[in-house]
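Participant: This note's numbering applies: residue 17 is where the sequence shown begins, and numbers increase by one.
Here it is, the structure in full.
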Amino acid sequence: MASAYAESNPLISSDHVKAAVTEFARGFNHSYYLPLHLAILKGDWESTKAFLDNDPSALTAKVTVHGRTALHVAAVGAQWNLVEKLVEHMPANMLTELDFMGCSCLHYVAMGESVNAAKALVAKNPSLTQVTDFKGFTPLIYSLTSTRHRHMVRYLLMNTTDERPGCPFSGPSASQLVALLTASGFHGN
17 MASAYAESNP LISSDHVKAA VTEFARGFNH SYYLPLHLAI LKGDWESTKA
67 FLDNDPSALT AKVTVHGRTA LHVAAVGAQW NLVEKLVEHM PANMLTELDF
117 MGCSCLHYVA MGESVNAAKA LVAKNPSLTQ VTDFKGFTPL IYSLTSTRHR
167 HMVRYLLMNT TDERPGCPFS GPSASQLVAL LTASGFHGN
């Protein structure tokens, strides 16, 4: 699993990622998951739920060639209501799952504007704010570099702790975090 490896070594070489993607892609059945993928991208909860009721394992399966779960697909597609509904059905430990790009669902949500989706994820698994991508970046850094939606940044700032594996306030990315917070106008708040 990508997340277990990333937790023990937050900086994963591109060779490891390429090998994992290649191995996964060889056995991936794109046509099987295509109806689920399309239903999620359309925001169609009824069709999504029908697919998941028919195949409950699809809830936690990697459903894209990029190693994304249904939850990742909803977040990447900015289908915030589906993110919230899928979180209700997902096991808490699956929320930390990384795709082959190195991102958890919260990394993608952090780039958007739905604080409610972020709250649903963090309520189910509070350690999600600490999960790092392959470069060691937490969702908080993604929110600062991608959207600068003040409410999202503020929410993640208040709910991210300085614990492993991320250690965003004292670890290797701390100086970048301070610079991004300052550049975003959070230095006086």
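Yeah, the Cβ is synthetic: ideal placement off N, Cα and C, and Gly gets one too.
Rounded to a whole number of angstroms, what is the C-alpha to C-alpha distance between T198 and P155?
Facilitator: Distance from the CA atom of T198 to the CA atom of P155, rounded to whole angstroms, is 17 angstroms.
Participant: Check each candidate in Y158, L114, K58 and V81 and name the one with the smallest Cα separation from S47.
Facilitator: V81
Participant: Which of the three DSSP states, helix, strand or coil, is assigned to M168?
Facilitator: helix
Participant: Do M106 and T3 have their beta-carbon atoms positioned less than 9 angstroms apart in this structure?
Facilitator: Residue 3 lies beyond the range of the chain shown here (17 to 205); nothing can be said about it.
Participant: Excluding five sequence neighbours on each side, which residues of the same chain lie with their C-beta closer than 6 angstroms to the C-beta of A108?
Facilitator: Same-chain partners within the cutoff: K140 and N141.
Participant: Look up C249 in the DSSP assignment and say whether it is helix, strand or coil.
Facilitator: Examination of residue 249 is not possible in this model, given that the chain is present from 17 through 205 alone.
Participant: What first and last residue would you give for the alpha helix (DSSP H) that runs through H46?
Facilitator: H46 to K58
Participant: For K78 and L160, what's the separation of their Cα atoms in angstroms?
Facilitator: It is roughly 28 angstroms from the alpha-carbon of K78 to the alpha-carbon of L160.
Participant: Less than 7 angstroms between C-beta atoms, sequence neighbours within five positions excluded: which residues of the same chain meet that for E100?
Facilitator: N132, A133 and A136
Participant: For M174, count the other beta carbons within 10 Å of its own beta carbon; 16 or more makes it buried, fewer makes it exposed. Which is it?
Facilitator: Exposed: under 16 other Cβ atoms inside 10 Å.
Participant: Identify, in the order they occur along the chain, each residue of the same chain with its Cβ nearer than 7 angstroms to the Cβ of Y158, setting aside the five sequence neighbours on each side.
Facilitator: H123, A126 and M127
Participant: Have a look at F67 and S73 and give me their C-alpha separation to the nearest angstrom.
Facilitator: 10 angstroms
Participant: Comparing C-alpha positions only, which one of G83, G93, D69 and N45 sits nearest to L54?
Facilitator: Check the Cα spacing between L54 and each of G83, G93, D69 and N45: the tightest is with G93.
Participant: If you count every other CB in all the chains shown that lies within 10 Å of the CB of E104, and 16 or more means buried, which is it?
Facilitator: exposed
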